[in-house]
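Visitor:
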Amino acid sequence: MGSTEAGASGPKRKLEELNFDNLTLRSLPLDPVVAGPVRQVEGACFSRVNPTPVTNPRLVVASPDALGLLDIDPAEISSPEFAEYFSGNKLLPGTQPAAHCYCGHQFGYFSGQLGDGATMYLGEVVNRRGERWELQFKGAGKTPYSRSADGRKVLRSSLREFLCSEAMYHLGIPTTRAGTCVTSDTKVVRDIFYNGNAILEQATIITRIAPTFLRFGSFEIFKATDSFTGRRGPSAGLEAALLPTMLHHTIRTYFPDLWAQHAGDEIAAGVGTAPDGSGEAWPPGGPDGEERAARLQAMYADWLREVTRRTASLVAAWQCVGWCHGVLNTDNMSVVGVTIDYGPFGFLDRYDPAFICNGSDDQGRYDYRSQPAICKWNCEKLAEAIRAVLPESRGKRVVAETFDREFRRTYLAIMRRKLGLLPPASAAAAAADEVDADPALAVADEALVADLLAAMEETGADFTNTFRRAACLSRFPVPAPNADPSSSDVVAAGGVLDYILTQVADAATLAAAAAPRIPAHNLQMLSMLATKNPELLHQMGMTQQMLASELERLRRSEQLKKVSEAAKREADTARWSAWLAAYGARLQRGGAAGADPAERVAAMQATNPRFILRNWIAQQAIEKAEKGDFSEVARVYALLRNPFSDADVSELVAASTRAATAARGGAAVTDESASSSAAAAAVSAAPAGPAEASARRHQRHWQPAGVRRPPAGLGD
């Protein structure tokens, strides 16, 4: 993916001059029906559609950096027609709107055809650096895959995706980009809490940018009837003809090194049915057919290995920044290893490995700690999806050999930087893989990280602030060579212990957080039911695992209610003193090995963000935007673009305003006041107090816990 700098440099183009080259629509089978009703689409990867116009479109926020990837001149943001183009009221020359057909496993079950129900491919721009970027609308109207939905998105969900995707990019996490967010006077009906109290909200469209939006579910359209759900892929039975075509386009276009390494042009020629009907179905025929099949399978296996590697690395990065996706269905997993489909996501406040950001996730399938295992499971489902051309056993062996190792390598490398555990320069140069460089030290460091997270969980410490707020852990000095790391003077050095103790939760807060979602008297009834009539329990949507989890929460909550504040303070002090002693000993060891203290601090400051998008901060910006005030969006966005900066908040906002205004030729689009905002300053602050209770209630505004969201709303 191109960098911000790359996107912002070089000659720029007007909107009407973008270099569209819609290779995907030429390479993959296209539905012959244009638009049309909601239906099963057989034998096609895309259906041509048209955006539905909106009334009075107006720009809420734009990312000049992201738009720069398409060579768009920032001055174009101020043009009178900008909002018309980026709402879908007018089409940019060269675009060919289409909706993508894909399937997916949702919450572990195959759901059949899903597809782009609220998004649409616009085309692919090849910029002046030769990079290919797919441009999408999200919220531009109905498609053949909209099911019972209206194809629209609203301002709150659109702003969340815009802000978070750009925040993730600037945190250094692979992601789709957001170019624009345009709202309108067109209204749509939404029942936010699924309680029958529907309201009218503003139809809003965002543009998304990525190398491709192909996903694991793209390859599940060939799945035969599922034995459990009874669903099937719309192109089941056509895999021999179409699956090679899809794989070859994907590898050739987005994994060109693999394609070249395996001589793809030679071995794939004529294999798979092209859109014009040419080519042969799998397996390749002719006198060299068996040899070509073996070589193609080697390429497919290497592709699956690379997709698995990227996926493992991606989820490791999520874990290290404390981010939870919320809907890790196979249709929300990118084949190029970027974060896609921002829905009910959330950053951790206090560290809670069981954090669930999606109110629909009753069983906690997609909670924070489960993300690595779920992503690995999804990679296995991708291996199943291509078994027509690569034996399933071989594909799953590739996943097994790749995922855990890559996750461990990436996770340890990032966590070491977060803690400033840097190897001496000579050692770093000698071994690219930190795990293999010193296996015993890797195990010890993993134990230190695990104990840190355990201390956070036990004391209710804020995840982000423990690492960075007030330069927390980076202020902990390396103990002298002859010092005792466990001594009270060493543990208290730098004021780190005192600061951490300001970031932990009180006993009442932890007790409330641990409380079960089901009232205690109901749990007692369900416990009796589980013994006498487990089948009835299942019919009520409750599993034994869910019940056990809720009972454990009740036990933990009741236990915490008995803890006094004084006792908790004493326990917290002892817990953190013990961990800081272990941390000091590790730093002491690193110092003896020649690690540079200045490099340690610099690495920590460049890895631990000061600003993240907490849900209550996003909600405050949304509430102002819904009233027509976009200034808070601009302020928060300015800080999210500079997550590691130590500069004063007001200066960061002012600098963003100056840069945006200059880029647009002096024309301001939004009210980006240079004055500091209390809410913006708190983007990385501890969780909101009572004053922000109203905003915090919207943290899971997609749906309250315990209410299953309809399957039609789970896709894009």
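Numbering-wise, full-length UniProt numbering puts 61 at position 61 of the sequence shown, and it's gapless, one number per residue. A virtual CB, placed ideally from N, CA and C, is assigned to each residue, including glycine.
Would you mind stating whether PHE463 and LEU348 have Cβ atoms separated by less than 7 Å?
Guide: Yes.
Visitor: In this structure, does DSSP put GLY346 in helix, strand or coil?
Guide: Note: GLY346 maps to strand in three-state DSSP.
Visitor: Quick one, are the C-beta atoms of SER557 and ALA515 less than 7 Å apart?
Guide: A contact, by the Cβ cut-off of 7 Å.
Visitor: Among ASP484, ARG417, ALA621, MET546, whose alpha-carbon lies nearest the alpha-carbon of ALA585?
Guide: Taking only the C-alpha atoms, the option nearest ALA585 is ASP484.
Visitor: Can you look up LEU28 in the DSSP assignment and give me helix, strand or coil?
Guide: Looking at LEU28 - three-state DSSP - the assignment turns out to be coil, as it is neither helix nor strand.
Visitor: Ordered along the chain, which non-local residues of its own chain (more than five positions away) have a Cβ less than 7 Å from that of ARG600?
Guide: Taken in chain order, the residues that qualify are GLY420, LEU422.
Visitor: Would you give the residue range spanned by the alpha helix (DSSP H) that VAL636 belongs to?
Guide: Looking at the DSSP string, the run of the alpha helix (DSSP H) that includes VAL636 is 631-640.
Visitor: Quick one: Cα of SER487 to Cα of GLY322, how far?
Guide: Between SER487 and GLY322, the C-alpha separation is close to 31 Å.
Visitor: Since GLN136 and THR207 should fall inside the 8 Å C-beta cutoff, what is the C-beta to C-beta distance between them, to a whole number of angstroms?
Guide: Indeed they touch by this definition, with Cβ atoms about 7 Å apart.
Visitor: Which residues mark the beginning and the end of the alpha helix (DSSP H) in which LYS561 is found?
Guide: LYS561 -> alpha helix (DSSP H) spans 544-561.
Visitor: Applying the 10 Å Cβ sphere with the 16-neighbour rule, what's the burial state of TYR109?
Guide: The residue is exposed, with fewer than 16 neighbouring Cβ atoms inside 10 Å.
Visitor: When DSSP builds the beta bridges, which residues end up paired with ILE209?
Guide: Answer is LEU135, ARG177.
Visitor: From SER87 to GLU76, what does the alpha carbon distance come to, in whole angstroms?
Guide: Between SER87 and GLU76, the C-alpha separation is close to 15 Å.
Visitor: Taking the runs of the alpha helix (DSSP H) that are 4 residues or longer, which of them lie wholly in the stretch 395-468?
Guide: The qualifying runs are 425-430, 434-437, 439-459, 463-467.
Visitor: Rounded C-beta distance between GLY210 and GLU134? I'm assuming under 8 Å.
Guide: Position check: residue 210 holds Ala in this sequence, whereas Gly was assumed. The Cβ separation is near 6 Å, so the contact holds.
Visitor: If you measure between the beta carbons of PRO174 and VAL338, is that distance less than 7 Å?
Guide: Yes; because the gap between Cβ atoms is below 7 Å, this pair is in contact.
Visitor: With distances taken from CA atoms, which of VAL335, ILE267, ARG309 is nearest ALA385?
Guide: Minimum Cα distance to ALA385 is reached at VAL335.
Visitor: Rounded C-beta distance between ALA274 and GLU406? I'm assuming under 8 Å.
Guide: In fact, because the Cβ distance is near 34 Å, the residues do not count as touching under 8 Å.
Visitor: So LEU159 and VAL60 are supposed to be a Cβ contact under 8 Å. How far apart are they, rounded?
Guide: That pair is a contact at about 7 Å.
Visitor: Use the C-beta contact count for GLY495: other C-beta atoms within 10 angstroms, 16 or more gives buried, fewer gives exposed.
Guide: Label assigned to GLY495: exposed.
Visitor: Would you call the stretch 371-385 in contact with the stretch 215-223, where contact means no fewer than 3 C-beta pairs closer than 8 Å?
Guide: Result yes; three or more Cβ-Cβ pairs closer than 8 Å.
Visitor: Specify, as a first and last residue, the run of the beta strand (DSSP E) that TYR121 falls within.
Guide: Element bounds for TYR121: 119-126.
Visitor: Give a yes or no on contact between the stretch 452-468 and the stretch 569-585, applying the rule of three or more CB pairs nearer than 8 Å.
Guide: Contact between the stretch 452-468 and the stretch 569-585 is present, because at least three Cβ pairs lie under 8 Å.
Visitor: Within the stretch 30-58, note down every full beta strand (DSSP E) run reaching 3 residues or more, in order along the chain.
Guide: Fully enclosed beta strand (DSSP E) runs of 3 or longer: 46-48.
Visitor: Out of SER645, MET546, ASP445, CYS472, which one is the CA nearest neighbour of ARG589?
Guide: With distances taken between Cα atoms, ARG589 lies closest to ASP445.
Visitor: Using 10 angstroms around the beta-carbon of GLY594, count the other beta-carbons present and answer buried if the total reaches 16, otherwise exposed.
Guide: It is exposed - the Cβ of GLY594 has fewer than 16 other Cβ atoms within 10 Å.
Visitor: Using only CA atoms, which one of VAL182, PRO51, ASN56 lies nearest to GLY117?
Guide: Measuring from the Cα of GLY117, the nearest candidate turns out to be PRO51.
Visitor: Around the Cβ of residue 736, are there at least 16 other Cβ atoms within 10 angstroms (buried) or fewer (exposed)?
Guide: Missing from the structure shown is residue 736; the chain here goes from 1 to 716 and no further.
Visitor: For HIS262, report the span of its alpha helix (DSSP H) as first-last.
Guide: Where HIS262 is concerned, there is no enclosing alpha helix (DSSP H), given that its DSSP letter is neither H nor E.
Visitor: DSSP state of ALA98, grouped into three classes?
Guide: Strand at ALA98.
Visitor: Exposed or buried, ASN329, counting other C-beta atoms within 10 Å across all chains shown (16 or more means buried)?
Guide: Flag for ASN329 reads buried.
Visitor: Which runs of the alpha helix (DSSP H) spanning at least 4 residues fall entirely within the stretch 67-116, listed in chain order?
Guide: Counting whole runs of 4 or more residues, the stretch 67-116 contains the alpha helix (DSSP H) stretches 82-85.
Visitor: Below 8 Å, how does it come out for the stretch 25-37 and the stretch 241-251: are there three or more Cβ pairs, yes or no?
Guide: Enough Cβ pairs lie closer than 8 Å, so yes.
Visitor: Can you give me the C-alpha to C-alpha distance between VAL33 and ARG48, rounded to a whole angstrom?
Guide: Going from the Cα of VAL33 to the Cα of ARG48 covers about 7 Å.
Visitor: May I ask which residues mark the beginning and end of the alpha helix (DSSP H) holding MET604?
Guide: Where MET604 is concerned, the enclosing alpha helix (DSSP H) stretches over 597-607.
Visitor: Please determine, among SER148, ALA634, ALA480, ASP352, the residue with the shortest C-alpha to C-alpha distance to GLY591.
Guide: Measuring from the Cα of GLY591, the nearest candidate turns out to be ALA480.
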